[in-house]
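So the sequence lines, in the order shown, correspond to chains P and C. Position 73, counted from 1, in the first sequence is what my numbering calls 73; the numbers after and before it change by one each time, with no gaps. Quick note, my numbering runs 1000 ahead of the 1-based positions in the second sequence. Report on the following structure.
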Amino acid sequence: MSEKEESPVQKFPHVLIVDDDKGVSRSLAAFLEDRDFEVKTAENAEIALHLMKDFRFHAAVIDLRLPGMSGDMIILKAHVLFPHIRFLVYTGSSAFQLSEELQQIGMTSEHVFIKPLSDLSIIADTLFNLADHYESI
Amino acid sequence: MNYSGKNKSIPSPPVEFKKSEDRFRLLLENSKDIIYRMSLPDGKYEYISPASTNIFGYTPDELYATPRVISQIIHPSWKKYFELQWENLLKGIIPHSYEYQVIHKSGEIKWIYQENTLICDKKNKPTAIEGIIMDITDRKKAEEDLRENVEKYHTLFDSANDCLFIVDDKKFLECNYMTLEMFGCKDYNDIIGHHPWEFSPPFQPDHQLSEEKAKRLLDAAIKGEPQRFYWVHSRKDGTCFDAEVSLNRIYLQDRYLAQAIVRDITSRKQAEEEANRLRHLLDNIVNSMPSVIIGVDSTGRINQWNREAERFTSIKSEDASGKKLADIFPKPIDILHKVKKAIEESKPQKDVKVPYTSGNITRYIDITIYPLHSDGTEGAVIRIDDITECLRIEEIMIQSEKMLSIGGLAAGMAHEINNPLAAILQNIQVIRNRLSNQIEKNRTAALTCGTTIESIEHYSIQRGIFSMIDAVIEAGHRAASIVENMLNFSRKSNDRLAFNDIPSLMDKTIALVSSDYSLKKKYDFRQIDIQRHYETDITPVLCVSDQIQQVFLNILKNGAQEIIEHHTPQPAFIIRIEKELGKIRVEIEDNGPGMDENVRKRVFEPFFTTKEVGKGTGLGLSVSYYIITENHKGTFEVESIKGKGTKFIIRLPIKGGH
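Shown next as structure tokens:
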């Protein structure tokens, strides 16, 4: 932890949360902010893609079932437009399985989280690791 | 020789000669036969003795007076013969005797035997005929009768359809025509003088030598014990035929012989064999039916009781046959009036899903009664099918469908419930975090508000805020786990078949049970000693890993609950995974309370549970059974001894059932 404090970029990853359920997105944002993440939230694809254009996010946490464009479509689209962003899926559907397209852009089951999580720390930790990975590239 | 006619004047002889002549005359006069002398060629009787009165019905005087009478008394059918004889006679040709018929004066026809002596002069010219005429009518009749008799018996003998022959202890002495025919011979000499065993194959079907056996049977018959037996004969060309032989002793020509009757029973034998074959075939068909099949006649007497009926009723066919259905059929099943109805109305009767309790086990049966009426033999056939298994499968299917629909519902609801649950749990986690004195932001915010984070913490503890937060977390987790469990029912559509390593599936399941927090409150799975006996090199099995884990989980959970509830000392599971031909056998054995036979038999039934109400759905093992037997085409068995423990045995085909 003390090592990470030396690098402000690593210490405060910039994260976008896309979820139409504000109870979920805001509490997750609050949790991450308490850990010094820079967090923005969006409730649909349109807002999300706007924010991605305006801010430089390290990573995005995406709900799947959204009004309008679905979460996995957002990921595929955003990956083309903003290839540096890493994605996590955070869904209430326990039957979710990664599509081949998502696997092709490097997503694995480690990047999938099923709601509800009993401890959000696991998302925070994964986001930290993704940011490390991103910086090392 | 000089006989004198009565009317002739004979010179007086000397006295001695006179005496002698009187004696002769007396002899002639008293003879029963006619003695005569006829002069030739005039055909006049010089002498004819008085017996003519008896034999011809004419006195000698009548014949002397009209010699032609003699030609009138000759039977018309002999007249031609005598005309010819007369001509020959005049030429000096005469047979030693005649045998012919005459008509007595009374009209009676008589047979006559006449001996002739021709008297000739020195020039060899016939001058007279002398002879004796006898009445042989009685003898002739006796002869005729005898001839007729012989003919009659011969016809009887030869026209018989069976072989008739006479044998001594080793040879044919006499045989009828049928014997020739049956043995394929053309000449009596092919048979007479031969041995009976020459017309037999070397061995009889009972493997006895034909010769020895035949001799023994003939001996016995000749000793006076009539024999009747089955015999294989052979014809002259060597082909065989089945025969029925009877031997009887007869007494003939001063010795005991055997008279034999041989009947060709080939066609009877074939018919018998065909009937036997048909009966066996029908028996086989009826016996191999998986249904109980019982035949009754119109009076309700049993005439058919197949193997399944034996199994179903525990009554042997021999014990049932001929008995009244009412006396023998298990009382709980009321079929008597149905049988009656079927016969009376000539309509099949059917009862479905009839519960039938034997001991304390209830089974379900379908009863169908078909009336029979072919060539006047009335009756009925009762067919009973045990449909318990079908019903069980049907129920499992229904349950499985129910569960699938629960699953579908759960899957749809999960997302909707999981989102608010996530909101609850996430927010409460943030609240908990924001009451913590470990976070700098909290400290700063507290100071800004004119207090300290320590005061807020102190306050929260005082007012029970933290335990309330914990209660919310706990409730949220519980709700999450309910949703998760419901989703377990819906896995099917996403299940993928893969080659899985059974031992590692088992290990994962054990790990899962050990950490099952909802059970932790009642017992600690880690108290139970788990002994793993895994054979090495277990081939991976084509299966759906989730389903197999679900099955293992079910057995382990059930077993653990029983073990803990009954406070089994030194609780243990012995888990064996072994190779079998083309299969992997998994045994999960516990040393818990076990179960009795009734529970053991029903343990896979849906909604059968020994747990108190609300503690178990009674579905776990039936779903497991379904998963193993239907989805994976494996087998699932349970062995148990009350008080000793329970062993579940699962066999999974390596190549899977899909």
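Where a beta carbon is used, it is the ideal one built from N, C-alpha and C, also for glycine.
Rounded separation between residue i and residue j - CA only
i, j, result
"glutamine 1349 (chain C)", "aspartate 1283 (chain C)", "24 Å"
"tyrosine 1517 (chain C)", "glycine 1476 (chain C)", "Only weak support is given to the placement of tyrosine 1517 (chain C): the predicted model assigns it a pLDDT of 46, under 50, and the value that follows is read from those uncertain coordinates. If I take the Cα positions, the gap works out to 14 Å."
"tyrosine 1081 (chain C)", "arginine 1139 (chain C)", "22 Å"
"threonine 1362 (chain C)", "lysine 1601 (chain C)", "11 Å"
"aspartate 21 (chain P)", "aspartate 63 (chain P)", "9 Å"
"isoleucine 1469 (chain C)", "tyrosine 1364 (chain C)", "55 Å"
"aspartate 1529 (chain C)", "arginine 1576 (chain C)", "14 Å"
"threonine 1617 (chain C)", "aspartate 1385 (chain C)", "Confidence is the limiting factor: at threonine 1617 (chain C) the pLDDT is only 47, short of 50, which leaves the residue's position unreliable and the question unanswerable from this model."
"isoleucine 1192 (chain C)", "lysine 1141 (chain C)", "33 Å"
"isoleucine 1136 (chain C)", "asparagine 1149 (chain C)", "20 Å"
"lysine 1125 (chain C)", "leucine 1027 (chain C)", "30 Å"
"glutamate 1389 (chain C)", "alanine 1320 (chain C)", "27 Å"
"isoleucine 1035 (chain C)", "glycine 1131 (chain C)", "6 Å"
"threonine 1266 (chain C)", "lysine 1655 (chain C)", "57 Å"
"lysine 1006 (chain C)", "threonine 1155 (chain C)", "Low per-residue confidence applies at lysine 1006 (chain C): pLDDT is 48, beneath 50, and the placement is therefore not dependable, though the value from the model is reported in the following sentence. If you take the alpha carbons of lysine 1006 (chain C) and threonine 1155 (chain C), they lie about 55 Å apart."
"phenylalanine 1648 (chain C)", "leucine 1512 (chain C)", "19 Å"
"glutamate 1198 (chain C)", "glutamate 1310 (chain C)", "51 Å"
"tyrosine 1100 (chain C)", "isoleucine 1112 (chain C)", "5 Å"
"isoleucine 1074 (chain C)", "valine 1102 (chain C)", "4 Å"
"serine 109 (chain P)", "threonine 1357 (chain C)", "55 Å"
"glutamine 1085 (chain C)", "isoleucine 1048 (chain C)", "20 Å"
"serine 2 (chain P)", "threonine 126 (chain P)", "Any answer about serine 2 (chain P) is weak, because its pLDDT of 42 lies below 50 and its placement is not dependable; what the coordinates show is given next. In a straight line, the C-alpha of serine 2 (chain P) is about 18 Å away from that of threonine 126 (chain P)."
"alanine 1498 (chain C)", "proline 83 (chain P)", "35 Å"
"arginine 1434 (chain C)", "serine 1455 (chain C)", "13 Å"
Which of helix, strand or coil DSSP assigns to residue i
i, result
"cysteine 1175 (chain C)", "strand"
"isoleucine 1094 (chain C)", "coil"
"lysine 1579 (chain C)", "strand"
"arginine 86 (chain P)", "strand"
"threonine 1117 (chain C)", "strand"
"lysine 1140 (chain C)", "helix"
"cysteine 1240 (chain C)", "strand"
"methionine 1413 (chain C)", "helix"
"serine 1624 (chain C)", "helix"
"aspartate 1386 (chain C)", "strand"
"isoleucine 1365 (chain C)", "strand"
"glycine 1005 (chain C)", "Note on glycine 1005 (chain C): pLDDT 46, under 50, position unreliable in the model; the coordinate value appears next. Glycine 1005 (chain C) falls in the coil class under three-state DSSP."
"arginine 1068 (chain C)", "coil"
Segment limits, beta strand (DSSP E) that includes residue i
i, result
"tyrosine 1230 (chain C)", "1227-1234"
"threonine 1357 (chain C)", "1349-1358"
"histidine 1533 (chain C)", "1529-1534"
"lysine 1647 (chain C)", "1645-1653"
"proline 1126 (chain C)", "1126-1135"
"tyrosine 1047 (chain C)", "1044-1048"
"arginine 1255 (chain C)", "1255-1264"
"valine 1603 (chain C)", "Counting along the chain, valine 1603 (chain C) falls outside any beta strand (DSSP E), and DSSP gives it neither H nor E."
"methionine 1038 (chain C)", "1034-1039"
"histidine 1567 (chain C)", "Looking at the DSSP string, histidine 1567 (chain C) is not in any beta strand (DSSP E), and its letter there is neither H nor E."
"threonine 1635 (chain C)", "1635-1641"
"isoleucine 143 (chain P)", "One cannot answer for residue 143 (chain P) here, as it falls past the ends of chain P, which runs 1 to 137."
"valine 1541 (chain C)", "1541-1543"
"isoleucine 114 (chain P)", "112-114"
Minimum C-alpha distance to residue i - residue among the options
i, options, result
"isoleucine 1093 (chain C)", "C:Ser1071, C:Ile1119 and C:Ile1073", "C:Ile1119"
"leucine 81 (chain P)", "P:Leu51, P:Tyr90 and P:Thr91", "P:Leu51"
"histidine 1104 (chain C)", "C:Ile1510, C:Val1069 and C:Asn1306", "C:Val1069"
"glutamate 1046 (chain C)", "C:Arg1311, C:Met1038 and C:Glu1087", "C:Met1038"
"glycine 68 (chain P)", "P:Lys40, P:Leu127, P:Ala48 and P:Ser121", "P:Ala48"
"glycine 71 (chain P)", "P:Phe96, P:Leu117 and P:Gly23", "P:Phe96"
"isoleucine 1294 (chain C)", "C:Thr1368, C:Ile1473 and C:Gly1645", "C:Thr1368"
"cysteine 1543 (chain C)", "C:Gly1594, C:Asn1631, C:Thr1568 and C:Phe1552", "C:Asn1631"
"asparagine 1248 (chain C)", "C:Asp1264, C:Ala1220, C:Phe1241 and C:Asp1254", "C:Ala1220"
"isoleucine 148 (chain P)", "P:Met107, P:Ser99 and P:Leu88", "No answer is possible for residue 148 (chain P): the residues shown for chain P start at 1 and end at 137."
"valine 18 (chain P)", "P:Asn129, P:Ile105, P:Ile75 and P:Ser99", "P:Ile75"
"serine 1460 (chain C)", "C:Glu1474, C:Asn1437, C:Ile1473 and C:Lys1441", "C:Asn1437"
Heavy atom of the ligand GDP within 8 Å of residue i beta-carbon
i, result
"valine 1296 (chain C)", "This structure lacks the ligand GDP; in fact it carries no ligand of any kind."
Residue i, enclosing alpha helix (DSSP H) - first and last residue
i, result
"glutamine 1462 (chain C)", "1453-1462"
"valine 39 (chain P)", "Run containing valine 39 (chain P): none in the alpha helix (DSSP H); it sits in the beta strand (DSSP E), 38-42."
Min CB distance residue i to chain D below 9 Å
i, result
"alanine 1511 (chain C)", "This model lacks chain D altogether; the protein chains it does include are P and C."
At which residue ranges does the segment 1146-1225 of chain C contain complete beta strand (DSSP E) runs of 3 or more residues, listed in the order of the chain?
-> 1163-1167 and 1172-1175
What runs of the alpha helix (DSSP H), each 4 residues or longer, lie entirely inside the segment 1269-1329 of chain C?
-> The DSSP assignment places complete alpha helix (DSSP H) segments of no fewer than 4 residues inside the segment 1269-1329 of chain C at 1307-1313, 1317-1320 and 1325-1328, in order along the chain.
In chain order, which continuous runs of the beta strand (DSSP E) of length 3 or greater are located wholly inside the segment 44-88 of chain P?
-> 59-62
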